[in-house]
Amino acid sequence: MSINQNIIEKIVKIFLWIFTIITIFILFYIVGFILKNGIGGLSKEFFMEFPKSMGREGGIFPIIIGTILLTLAAVFIAGPLGIGTAVYLTEYTRENRITQMIRFGADCLAGIPSIVFGLFGFVLFVIKLKMGWSIISGGLTLSIMILPTIIRTSEEAIKAVPKPLREVSYSLGGTKWQTIVFIVIPQALPGILTGIILSIGRCVGETAAVIFTAGSSLRLPNSLFDSVRTMSVHFYILSREGISLKNAYATASVLIISIGMINFLSYWIMHRFIRRIEGK
Amino acid sequence: MGRSMCLPIIGEPVRMAQGEHMGSPLRGNIMDIRMQIKDLSLWYGQFHALKNINMEIAENRITALIGPSGCGKSTLLRTLNRMNDIIDGVKISGRIFLDNKDIYQENIGLTELRKKIGMVFQHPNPFPLSIYENLTYGLRIHNIGEKSIWDEKIEKCLRDAWLWDDVKDKLHSSALDLSLDQKQKLCIARLIIIEPEVILMDEPCSTLDPIATMKIEELMNTLKKDYTIVIVTHNMQQAARVSDYSGFLLLGELIEFDDTNNIFTAPRDKRTEDYITGRFG
Ligand SMILES: Nc1ncnc2c1ncn2[C@@H]1O[C@H](COP(=O)(O)OP(=O)(O)O)[C@@H](O)[C@H]1O
Ligand SMILES: [Mg+2]
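Chains A and B supply the protein sequences, listed in that same order. Under our numbering, the first sequence has 152 at position 152, and the numbering climbs by one with no breaks. Under our numbering, the second sequence has 248 at position 248, and the numbering climbs by one with no breaks.
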């Protein structure tokens, strides 16, 4: 290796190092900025109390509940649909035009901006199907949005289950369905769960698709057909309408911390998954 | 290599007596034929992997399939419990009988068939579950017995597979923590707990060391009292040690099928002799 190449190597390394530092700096700066402005507003009351005068005062209790309910609704709808589709695509079909089309469709769906889902959900669920601004409208909309993620991660997880395990199950007289239910899905579960958790993260952080479909009510919902406000929507309204920047940052802090925890959980599950695949 | 067969296929249980047909190695004894392979051919797409195979599997005996790698041993073994069905593009002609019933009939219950004809694979492949769950899998899918008798069955199959003493205190720990030969024994136990009649083994010792291999071979010898065993091996000493009958396959053809003794001491075909004496393969 000539001296010249050595110098190039060094320069490349330094540049890559700088890029990495910049990335990490931006990330920490944003998170730090929000936490610095928001963490002072966090208290037991902030979590447990109802908002007063549009959120200028009080806490975000119904908003936390609304976020959780909406996310659960989306996951309970998209989970079975997505896992079912993934099982069908991987176990019941060969690679052909139709599966390629389904996959292509799912990938396209993943690339659509969320505001388009919001508008679609508004037209279809809120207006046409007369569900109004509600948990169910918002949940359905979010479920369409996260469906591709769940399908794709489940598919990968199912494909990663070693083929011999299926063969053994068949050779013991297991049916296809028994093999899928007792062997394939349990083995793929950590991978499937990771996809679901990532989707939960997306739901929790989503604003555009939610504001059109779940509305922005500050009350606790009584049924699936009541409107709720999620944390990101709350943050959006508080800051855009200049109601309370302090509470907006506090809400954003809760949001960031929750998403951080969700991602951490998914890494943890993924880690266990990998250990299991490696046979430990 | 057509071998004339004149067994009554339907009706009476097939019994073969001395001198009944000259081509069969089973002519020496009166014994039950458990399985019968008739004019079997198999194609993977265009590739003709098995060519007109005819042979019989004797009850409570060990039948070995030998031959160089790629000659179709595993393929032939897998036709016996229809494991080739799950591979795309496989075409099969000919018939295989288990107790005079064609297992390739349309209306045969695959689940029942595979429960009767179980399989041990080349690589020990316990499920990544506990030892207990590995053993109860077959019981669960076949709805065998109440949970209360499971423990008894588990102990029995583990004893039969010579694994009980090693694992009796850790039934609920992961099967993946076992040593290779313990894993293979567990796979055998997992199979015999559902009480199969025929056990197919595809090079069950190829990943084991010589001592573990010897133990598995001894185990096979005791198992043959209760089961009919077909074993694929490319290890000729192993075939010579454990089997009663041997079939020599070459390029998808069954070149010779005979008493293991005859195959190894007085092969009739030149190609068998070449293989036995290590001239190729
Ligand atoms: N799934 C398959 N698709 C296509 N060809 C196969 C497949 N399995 C095996 N073969 C081919 O069939 C022949 C016999 O294979 P196999 O029965 O595995 O041989 P052996 O067990 O004697 O080593 C080989 O030439 C192999 O390449
Ligand atoms: Mg093989």
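Ideal Cβ placement from N, Cα and C applies to all residues, glycine included.
Say yes only if the C-beta of residue i is nearer than 7 Å to one or more non-hydrogen atoms of ligand 2, and no if none qualify.
{"i": "VAL230(B)", "result": "no"}
{"i": "GLU203(B)", "result": "yes"}
Just checking my contact of residue i with residue j at CB under 8 Å: how many whole Å lie between their CB atoms?
{"i": "VAL168(A)", "j": "ASN125(B)", "result": "6 Å"}
{"i": "ILE183(A)", "j": "PHE127(B)", "result": "6 Å"}
{"i": "THR71(A)", "j": "ILE200(A)", "result": "6 Å"}
{"i": "THR153(A)", "j": "GLY195(A)", "result": "3 Å"}
Shorter than 7 Å, the distance from the beta carbon of residue i to the closest heavy atom of ligand 1, or not?
{"i": "LYS73(B)", "result": "yes"}
{"i": "TYR44(B)", "result": "yes"}
{"i": "ALA189(B)", "result": "no"}
{"i": "ILE98(A)", "result": "no"}
{"i": "PHE47(B)", "result": "yes"}
{"i": "ILE87(B)", "result": "yes"}
{"i": "GLY247(B)", "result": "no"}
{"i": "GLY94(B)", "result": "no"}
{"i": "GLY191(A)", "result": "no"}
{"i": "GLY67(B)", "result": "yes"}
Any C-beta of chain A sitting closer than 8 Å to the C-beta of residue i?
{"i": "THR111(B)", "result": "yes"}
{"i": "CYS6(B)", "result": "Legend: pLDDT at CYS6(B) = 37, less than 50; position of this residue unreliable, value from coordinates given subsequently. Output row for CYS6(B): interface = no."}
{"i": "ASN81(B)", "result": "yes"}
{"i": "ALA58(B)", "result": "no"}
{"i": "GLY118(B)", "result": "yes"}
{"i": "ARG34(B)", "result": "no"}
{"i": "LYS115(B)", "result": "yes"}
{"i": "ILE231(B)", "result": "no"}
{"i": "PHE264(B)", "result": "no"}
{"i": "PHE257(B)", "result": "no"}
{"i": "PHE121(B)", "result": "yes"}
Evaluate residue i with the Cβ neighbour count: other Cβ atoms within 10 Å of its Cβ, from every protein chain shown; 16 or more gives buried, anything less gives exposed.
{"i": "LYS10(A)", "result": "exposed"}
{"i": "ILE22(A)", "result": "exposed"}
{"i": "PHE25(A)", "result": "exposed"}
{"i": "ILE7(A)", "result": "exposed"}
{"i": "THR141(A)", "result": "buried"}
{"i": "HIS271(A)", "result": "exposed"}
{"i": "VAL12(A)", "result": "exposed"}
{"i": "PRO51(A)", "result": "buried"}
{"i": "TYR92(A)", "result": "exposed"}
{"i": "HIS172(B)", "result": "exposed"}
{"i": "PHE125(A)", "result": "buried"}
{"i": "LYS73(B)", "result": "buried"}
{"i": "LEU254(B)", "result": "buried"}
{"i": "MET198(B)", "result": "For clarity, residue 198(B) is Val in the given sequence; the question names Met instead. Buried."}
{"i": "ASP258(B)", "result": "buried"}
{"i": "ILE87(B)", "result": "exposed"}
{"i": "VAL242(B)", "result": "buried"}
Would you say residue i reaches chain B, if we count a Cβ-Cβ gap shorter than 8 Å as a contact?
{"i": "ILE183(A)", "result": "yes"}
{"i": "GLN187(A)", "result": "yes"}
{"i": "GLN100(A)", "result": "no"}
{"i": "ARG202(A)", "result": "no"}
{"i": "GLN178(A)", "result": "yes"}
{"i": "GLY174(A)", "result": "yes"}
{"i": "MET270(A)", "result": "no"}
Should residue i be counted as a contact of ligand 4 given a C-beta to heavy atom distance under 7 Å?
{"i": "GLY70(B)", "result": "With respect to ligand 4, the structure offers nothing, as its ligand set consists of ligand 1 and ligand 2."}
Members of the segment 87 to 103 of chain B near chain A, C-beta cut-off 8 Å:
Taking 8 Å as the Cβ-Cβ cut-off, the segment 87 to 103 of chain B approaches chain A at ASP88, given in chain order.
Residues, ordered as in the chain, of the segment 156 to 171 of chain A that lie near chain B by beta-carbon distance below 9 Å
Result list: PRO162, PRO164, LEU165, ARG166, GLU167, VAL168, SER169, TYR170, SER171.
Taking Cβ-Cβ distances below 9 Å as the criterion, which residues of the segment 124 to 143 of chain B are in contact with chain A?
Listed by position, the residues of the segment 124 to 143 of chain B near chain A (Cβ gap below 9 Å) are ASN125, PRO126, PHE127, PRO128, LEU129, TYR137, GLY138, ARG140, ILE141, HIS142.
Note down, in chain order, all residues in the segment 79 to 111 of chain A with a beta-carbon under 8 Å from any beta-carbon belonging to chain B.
Residues passing the 8 Å Cβ filter: ARG94.
If contact means a Cβ-Cβ distance below 8 Å, which residues of the segment 193 to 205 of chain B contact chain A?
Under the 8 Å Cβ criterion, the segment 193 to 205 of chain B contributes ILE194.
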